[in-house]
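Chains as they are written, first to last, in our numbering: chain A, 3 to 116; chain B, 4 to 112.
What follows is a set of notes on a single structure, which appears directly below.
Dropping the structure here:
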């Protein structure tokens, strides 16, 4: 399967714990995006990378959230000191910089904070 | 005001109906426009880009009015398989795609 892969698919954690999600993009894609989606809402932009450079972060993104893409391939999204409001589906997408409108999404990582 | 606003759903239509979705965007610097489709419990997928002159892909027609900052999607001859959430998406140069809340379409037999 050469699509976008995300792990874990589901994560249940207690409030205050740290969680990390991983995303493996389509191999030739140089852009990688993180979005968050809750029920009844569209995907909300969090951050994106071009190669290893983090080019944009949402102003809404709390300091508890950090993302990396150390070698310009896979990416991790870490949430520290989770809160119940962090419960959501975390979607990763990738694209070619030349075709920024066509995002290929992974199946998402669902986070439940108890 | 949200950057991308869509008609509230859901739209419930019979097979064969024509249905139109509307979307407005607030940032006049927006340059690129798209419609994405998201099936229940699935990831979003690109349906079509929206060009200034309007464009058609089979039963789907997208229109853009830059002066009014308005985007539309028309679906003709609705099929059961068209049931999904349709997401209006805009993009400014050098930024990530911004998604609307989505409009849910349910086509019944």
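Backbone N, C-alpha and C fix where the C-beta goes; we use that ideal spot for every residue, glycine too.
Three-state class that DSSP yields for residue i in the structure shown
i: residue 41(B); result: strand
i: residue 86(A); result: helix
i: residue 83(B); result: helix
i: residue 76(A); result: coil
i: residue 25(B); result: strand
i: residue 72(B); result: coil
i: residue 92(A); result: strand
i: residue 20(B); result: coil
i: residue 38(A); result: strand
Short Cβ contact (7 Å threshold) for residue i with residue j
i: residue 93(A); j: residue 37(A); result: yes
i: residue 39(B); j: residue 110(B); result: no
i: residue 44(A); j: residue 35(B); result: no
i: residue 83(A); j: residue 5(A); result: no
i: residue 18(B); j: residue 81(B); result: yes
i: residue 107(A); j: residue 99(B); result: no
i: residue 77(B); j: residue 23(B); result: yes
i: residue 78(A); j: residue 85(A); result: no
i: residue 39(A); j: residue 25(A); result: no
Same chain only: Cβ atoms within 6 Å of residue i, ignoring 5 sequence neighbours per side
i: residue 80(A); result: 22, 68
i: residue 116(B); result: As displayed, chain B neither begins before 4 nor continues past 112, which places residue 116(B) out of reach and without an answer.
i: residue 15(B); result: 109
i: residue 106(B); result: 9, 10, 12, 24, 89
i: residue 58(B); result: 65
i: residue 91(A); result: 39, 110, 112
Contacts around residue i, its chain only, beta-carbon distance under 7 Å, and the 5 residues preceding and following it disregarded
i: residue 52(A); result: 32, 33, 99
i: residue 10(A); result: 111
i: residue 88(A); result: 81, 113, 115
Residue i CB to nearest heavy atom of the ligand ZN below 6 Å
i: residue 67(B); result: With respect to small molecules bound, the structure shown includes none, and the ligand ZN cannot be examined in it.
Taking 8 Å as the threshold, find out whether the segment 40-48 of chain B comes into contact with the segment 61-68 of chain B through three or more Cβ pairs.
no
Interface residues of the segment 35-46 of chain A facing chain B [CB-CB below 9 Å]
35, 37, 39, 42, 43, 44, 45, 46
With a threshold of 8 Å, are at least 3 pairs of Cβ atoms found where one atom belongs to the segment 19-33 of chain B and the other to the segment 92-106 of chain B?
yes
Please identify, using Cβ separations under 7 Å, the residues of the segment 92-108 of chain A that lie next to chain B, in order along the chain.
93, 102, 103, 104, 105, 107, 108
Taking beta-carbon pairs under 9 Å, can you tell me which members of the segment 66-81 of chain A lie near chain B?
none
Mind checking the segment 19-39 of chain B against chain A and listing, in chain order, the residues whose C-beta falls within less than 7 Å of any C-beta there?
35, 37
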